[in-house]
Each structure stands twice: as structure tokens, then as C-alpha cells.
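Chain order of the listed sequences is A and B.
For the first sequence, our numbering assigns the number 622 to the initial residue and increments by one for each residue that follows.
For the second sequence, our numbering assigns the number 416 to the initial residue and increments by one for each residue that follows.
Note sheet for the following structure.
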Amino acid sequence: MQLPVLNEAPAAKSGCSSSSCGTNENQMDALPDSIREKVQNHPCYSEDAHHYFARMHVAVAPACNIQCHYCNRKYDCSNESRPGVVSELLTPDQAVKKTMAVAATIPQMTVLGIAGPGDPLANPERTFETFRRLSEEAPDIKLCVSTNGLALPDAVEELSKHNIDHVTITINCVDPEIGAKIYPWIFWNNKRIKGKKAAKILIDQQQKGLEMLIAKGILVKVNSVMIPGINDQHLAEVSRVVKSKGAFLHNVMPLIAEAEHGTFFGVMGQREPTPDELQDLQDACSGDMNMMRHCRQCRADAVGLLGEDRGDEFTIDKIEEMEIDYQAAMEKRKVIHQAIQEEMDSKRLEKAHKAEQFKTEPKLATRPVLMAVATAGQGLINVHFGHAKEFLIYEASPEGVRFISHRKADQYCGGDSTCGDGESVLQQTVRALAGCEAVLCSKVGYEPWELLENAGIMPNGEHAMEPIEEAVMAVYKEMAAAGKLAAKPEALRAQG
Amino acid sequence: MPLKAIDKAQATFRESVMAVKIIESCVNCFACEPVCPSKAIFESKPHFKVNPNKCTECEGDFPVFQCASICPIEGAILNALGEAINPPGSLTGIPPERMAEAMAELQSH
Chain A
622 MQLPVLNEAP AAKSGCSSSS CGTNENQMDA LPDSIREKVQ NHPCYSEDAH
672 HYFARMHVAV APACNIQCHY CNRKYDCSNE SRPGVVSELL TPDQAVKKTM
722 AVAATIPQMT VLGIAGPGDP LANPERTFET FRRLSEEAPD IKLCVSTNGL
772 ALPDAVEELS KHNIDHVTIT INCVDPEIGA KIYPWIFWNN KRIKGKKAAK
822 ILIDQQQKGL EMLIAKGILV KVNSVMIPGI NDQHLAEVSR VVKSKGAFLH
872 NVMPLIAEAE HGTFFGVMGQ REPTPDELQD LQDACSGDMN MMRHCRQCRA
922 DAVGLLGEDR GDEFTIDKIE EMEIDYQAAM EKRKVIHQAI QEEMDSKRLE
972 KAHKAEQFKT EPKLATRPVL MAVATAGQGL INVHFGHAKE FLIYEASPEG
1022 VRFISHRKAD QYCGGDSTCG DGESVLQQTV RALAGCEAVL CSKVGYEPWE
1072 LLENAGIMPN GEHAMEPIEE AVMAVYKEMA AAGKLAAKPE ALRAQG
Chain B
416 MPLKAIDKAQ ATFRESVMAV KIIESCVNCF ACEPVCPSKA IFESKPHFKV
466 NPNKCTECEG DFPVFQCASI CPIEGAILNA LGEAINPPGS LTGIPPERMA
516 EAMAELQSH
């Protein structure tokens, strides 16, 4: 018996030509072909592509025109990985050199983004100088930009002139009452404006900018930060509004709020959402919109494949010393990108075929179950439990297997080694997997085995080097056969 | 009084009365530099600075200090009297007592 892989099933066959099919969880496959063509090699837009293609951010945009309660511009800790944080500010010239150096060294690179550390469009000269030069000097690299939207309407014309086909707008609300709890102030028409009035201006500019980009044929992704008790109930409405205006993807990210970051939310004790709450909200929004579930919330100067950061190899000093043959590098990229695309296409067809087969088979009567997977890419279970920096979370149910999210294993604060707070990295990792009932990895040691088992998470090293979805299906079937999946799902979820 | 001395005296007076100052808590975010109507702000190490001879406190251009209206850091820009234009708590909304508590808590770990 073969179970289908829901997030790989082609949408076209079920008649979901647009993005509105709520049963299809893969943001790529649910897209119209014209958009999928544009984003299939963009690592930030699908879990699939991000294992094959690399991206980088260049930190050329330090200034910001608003304040968000989850952001603090003061701190840069090199161990810290989160948006708004960078180690080294670049001039446009340095940014171009860095991009060319990275694209020559990491031939999987397809995308260059400007994401801060402030707001790219609040630094129009630096941002557009970088884009203008890159669209001339590295024409095969896709350019993208993310913005809070305040200065967006004024920038749309200039954005459309460069090689930019993706813009990300962070939209946390469409209601100024809620906005006033997220944005303490904006700088607008030569004044600092606070409260609901500020939020209304920001919201109006975001929506206007979104409409203008769509009218120009530029793809728009919307990012939202989920803040429990503030906008969590509201984000389904945001999803509906931005989709109706033509945004192609909605990325709901969990709030990061730690007191040591010095942010309003961190210091005031605003809590972060739990993985369950995030998943429930993403599921609620997915009826209206393609959801993105694999975002790693990377730094504004991240380099490499998602989830890894090779920024240290490309500091300004090191770039100056590199000798690069740009033309040869571009030709090499073309060959490598082609080969990756072929591999991805063949895997996609294979999975679609299996999904078709499954439709003819009777469904198992079980509750859904979450499993964690240790992988370093290629869609395989290929990482030792103790070496995993993150785990991918999959759900298996009578409907098939779908990708849910990722969870970090090595928190930036390493517990016992640096803080002396008593909890080991291993204990933290086990805690990060709460709610999962199995963990699939290439190997697992004796000590973690025992801890995992005690936490109700079954370690499994029997599927090393197997494709993730097939292995998750196999384990799901074993669990179903052993009668482990008959219990009420709500009771288990409450424990997590 | 010779003319040069008068110029110097005027400059000193002006400096003491009509200029804002950026201090070490500046995080070099560039936000203030382009909004200054007098081009008085310049990049410098370890942080941005204001040329007191150029700063007009935005008089004649805007009713409020432009630099201090976009600056995200409380206390980083002082007025001519040496007072923080954006005092603690005014931008982040974090009450200063709460901030002090949180920092003390973190340091005790």
C-alpha cells in the first residue's frame, strides 16, 4: 500500500487551478503554472527547493522608518540568528562584490535579497544602487526585497525597472486597533506619529503598495508575525484580504521574544506561540491561501542554503582577496541549476505517481500523528540524531503525509554550556520535539534513545538514507498496525 | 572687537544654543543623515555626529527636530541643553523600571 504525499500532489488534476484549494498543502504545487515556473528555484518559497538552491541577503539598508515591538536595532550577537540582525553593514559596491563572490563559490545560488537590517525602501539609494548593478553584472541571479510597506507605493516604479520579480511585505494586521499594539511609531511626512493614527497610515500604504505591485505583475509574498493575544485571531482575516488582492503566498512566522534581545515584547514578557498554535493558525489560513511552512526566519545577512549560514566565509576582508572569473562562474551555475532542476522534476513526478496509486486504496482509520525527521537535504533521512541542528516535522494521517514545519535543535543559547541553567542541549532538543511521537534519523545513541522514549517519542534509525515521505508512511503504518493511533488526537495535542 | 573674534563668539554662541548632539548610544543606522534639512549630520567613528555650525535645530524648515523624529534609540540625541529629546520609554513604550528589572534579572543568571 502506498500513502500519498499530500504536499507533493499536483493540484492541476484535482481542478485547483488557483491557490485556493485548502486540501493541498504545498505552496508550490497549488500555484498556477506561470507562478510556479518563476519560483521553483527560489529556496525561500518551498521546502523542496531550499534543500537544493541557495540564497543570500546583503545588509546594505540600515535605516528604518518605523518601529516594531518585536525588533530592537541595538544588538548584534554573532550567535544570534533572526531577522533584523547583521554583523557587517555593506556599501552597495561591497554588496555587489560579495554577491559575485558567493555566487561563484556556491553555484547553487539563485537568489539575492535585500532585507535590512532596517527597511530596504527606507534606504532607497543604497538599495536601488545595489539592484541596478546586480541586474547588469549578474543577470542570472534573481533579486528580491522585503519591506514593511510604508515607503512601498513610492518605490514600485523603480522596483519594476530592475530584475525584481518577488517582493515580500510584512503585514501583521489590517486593523489599526491591532496595529497600535504592534507598531509604537512611524516616521511619516517629517513627523514621528504614534498610536492608531500611525498604524492606519502604515496599513493603508501596505495595501496600496500590494495593489500597485500586483498591477505591475510583480509577485508578492506576505509575511506575518504571529503574536499570541494580539493578532493571532486576526491573521486569518489578513490572509483573506491579501489573497483577494493577489498575493501568491502567506508566510505566518512565530514571534521571537526574548528579554535579552531588549525588544518591547521580549522585555514585557509577551509569550511566543507554541508549535501547535502556529500549526493551527497556518491550517486555518490555508483554506484561504497558500501557506509557507518552512521559513527559517534568517538574518538580514544570511548566506547559503536555508538553515545554514556561511556568512563567515565572505567577510569584506576575505572577499577583497578572492579572485573570481565571473563569466566562468555564471556558466557553471547554469549547468548546475539545470541538473538540479531535472532531479527535482523527476522526484516530483515519482511522488505524484505514488499519490495517484494511493487514491485507489482504502483509507486507514487512525488519528493524525506528528513525526520529526533529521535530514541534511535531498529529501532523505540522512542525519544522526545528535548531529541534527533542526528537525523537519511531518504529519501522517489517513489523508497521507504532509510537511508541517521545522524546529530548531540547537537553540542559540546552548543551555548548560554557556548559561548554567541546568538544562542540557539534549534535553532542550527533546523538549523541542514535544508533540511528536516518533523521530526518524540515520542513527541515534543510547542516551538520547532513553530520554526520547521517556518523553513518549519513539526513536527510529531503521530508515537511514530512505526518502522522507516513504519512511514516514512506513512508520505510520507500523504504528497503525500496532494500534497506537486509535486514541483521541486532542488529548495528545494538549500534552504538547 | 576685530571681525574674526565676533565670528568666533557668534559661532560659540550658536553652538551652545542652536545645535543637537548625537552621543555614544547611537547605533549608526543612518536614518537621521538623509532627513537633516541642513546637511549637518555626517558618518563618523565610532558613531554619527552633528556639525554644530550647520545645525539649525530645523528652525525655518520643520517644527520638530528631524533627526530626533526618526532616531530609534532613546537618549541618543540631545538638545542644546543636553537633555535627551527622546527620553527613556518614549519610543519603545517599555517603562524604564521594567527595563531595569529585566536587565537585572538577566545579569543575575
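Where a beta carbon is used, it is the ideal one built from N, C-alpha and C, also for glycine.
Using three-state DSSP, classify residue 504/B as helix, strand or coil. coil
Could you please give me the residues that DSSP links to residue 1017/A through a beta bridge? Looking at the DSSP assignment, residue 1017/A forms a beta bridge with 990/A, 1022/A.
Between the Cα of residue 1050/A and those of 1006/A, 1085/A, 1081/A, 1079/A, spot the shortest distance and give me the residue it belongs to. Measuring from the Cα of residue 1050/A, the nearest candidate turns out to be 1006/A.
What does DSSP give as the partner residues of residue 809/A in its beta bridges? Answer is 812/A.
Within-8 Å CB hit, residue 484/B to chain A: yes
Whole-angstrom C-beta distance between residue 444/B and residue 685/A, which should lie under 8 Å: 7 Å
Name the DSSP beta bridge partners of residue 952/A, please? In the DSSP output, where bridge partners are listed per residue, residue 952/A has none listed.
Cutoff 6 Å; reference residue 787/A; Cβ partners in own chain excluding five residues on either side: Within the same chain, Cβ atoms closer than 6 Å to the Cβ of residue 787/A are found at 765, 840, the five residues on either side in sequence being excluded.
Could you pull the start and end residues of the beta strand (DSSP E) that residue 892/A belongs to? Segment: none, residue 892/A is in no beta strand (DSSP E) and carries neither H nor E.
Looking at the unbroken alpha helix (DSSP H) that takes in residue 659/A, where does it start and where does it end? 654-660
So which of 652/A, 1066/A, 1022/A, 795/A has the shortest CA-CA distance to residue 857/A? 795/A
Using DSSP's beta-bridge definition, name the partner residues of residue 789/A. 767/A, 842/A
Can you tell me whether DSSP reads residue 647/A as helix, strand or coil? The pLDDT assigned to residue 647/A is 48, lower than 50, so where the model puts this residue is not dependable; a value taken from the coordinates is nonetheless given after this. Of the three classes helix, strand and coil, the one that applies to residue 647/A here is coil, per DSSP.
Taking Cβ-Cβ distances shorter than 7 Å, what residues in chain A pair up with residue 463/B? Chain A residues near residue 463/B: none, gap ~11 Å exceeds 7 Å.
Between which two residues does the alpha helix (DSSP H) harbouring residue 748/A extend? From DSSP, the alpha helix (DSSP H) with residue 748/A extends over 745-758.
Beta-carbon separation of residue 682/A and residue 739/A under 8 Å? yes
Report the residue ranges of all beta strand (DSSP E) runs contained in full by the stretch 849-908 of chain A; include only those spanning at least 3 residues, in chain order. 870-875
Could you work out which residues of chain A lie near residue 522/B, taking near to mean beta carbons separated by less than 7 Å? In chain order: nothing, as chain A lies at least about 10 Å away.
Of all the CB atoms in chain B, is at least one closer than 8 Å to the CB of residue 891/A? no
Could you run through the stretch 715-739 of chain A and flag, in chain order, every residue whose CB is less than 7 Å away from some CB of chain B? The stretch 715-739 of chain A vs chain B, Cβ under 7 Å: 739.
Would you tell me roughly how many angstroms separate the C-alpha atoms of residue 1086/A and residue 517/B, rounded to the nearest one? 47 Å
For residue 720/A, name the three-state secondary structure that DSSP assigns. It is helical.
So does the stretch 868-881 of chain A actually touch the stretch 894-903 of chain A, counting three or more Cβ pairs closer than 8 Å? yes
Please decide whether residue 797/A counts as near chain B, where near means a Cβ-Cβ distance under 8 Å. no
Please return the same chain residues whose Cβ sits closer than 7 Å to the Cβ of residue 906/A, not counting the five positions on each side in sequence. Taken in chain order, the residues that qualify are 856, 857, 860, 871, 873, 912.
Residue 970/A to residue 960/A, Cα distance in whole Å? 16 Å
With residue 485/B as the anchor, note down where its alpha helix (DSSP H) starts and where it stops. 481-485
Specify the secondary structure class of residue 1011/A as computed by DSSP and reduced to three states. strand
Buried or exposed: residue 1038/A, going by 16 or more other Cβ atoms within 10 Å of its Cβ? Because residue 1038/A carries a pLDDT of 45, less than 50, the predicted location of this residue cannot be relied on, and the following value inherits that uncertainty. With fewer than 16 other Cβ atoms within 10 Å, it is exposed.
Contacting positions in the stretch 496-519 of chain B - beta carbon closer than 7 Å to chain A: 506, 507, 508, 509, 513, 514, 517
Where does the unbroken alpha helix (DSSP H) through residue 1050/A begin, and where does it stop? Where residue 1050/A is concerned, the enclosing alpha helix (DSSP H) starts and stops at 1046-1053.
Coil, strand or helix - residue 518/B by DSSP: helix
Look at residue 481/B and residue 441/B and say whether their C-beta atoms are less than 8 Å apart. no
DSSP has residue 687/A in a bridge; who is on the other side? 807/A
Going along chain B, which residues have a C-beta under 9 Å from residue 685/A? 444, 446, 485, 487
May I have the straight-line CA-CA distance separating residue 466/B from residue 1026/A, to the nearest angstrom? 51 Å
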